[in-house]
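Contents: one structure, followed by commentary.
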């Protein structure tokens with residue numbers, strides 16, 4: 006698995022310049038959205054594809070968000 010598949014708070018801080026507390030809050034929110042769609046998430050990390058879709062509005066063809074559906 007590509008190590009860039011997931012982002013942590015420090016990656017988000019580098020990209021957005023937001024505070025560490027807000028970066029963690031954002032990860033929690035994005036992971037909650039993914040869980041509601043049936044995806045398994047990793048605490049403290051978020052799918053880079055999903056982050057880019059939600060923050061930048063980037064939408065590729067049907068994405069799998071590099072997670073395992075259960």
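Residue numbers (my numbering): 6 to 75.
C-beta: ideal position from N, C-alpha, C; glycine also.
Rounded separation between residue i and residue j - CA only
i: residue 50; j: residue 26; result: 14 Å
i: residue 17; j: residue 37; result: 17 Å
i: residue 30; j: residue 22; result: 14 Å
i: residue 9; j: residue 32; result: 15 Å
i: residue 59; j: residue 15; result: 18 Å
i: residue 42; j: residue 28; result: 21 Å
i: residue 54; j: residue 19; result: 16 Å
Counted within 10 angstroms of its Cβ, other Cβ atoms place residue i as buried (16 or more) or exposed
i: residue 34; result: exposed
i: residue 61; result: exposed
i: residue 47; result: exposed
i: residue 24; result: exposed
Residue j beta carbon less than 7 Å from that of residue i
i: residue 12; j: residue 56; result: yes
Per DSSP, cross-strand counterpart(s) of residue i
i: residue 12; result: 51
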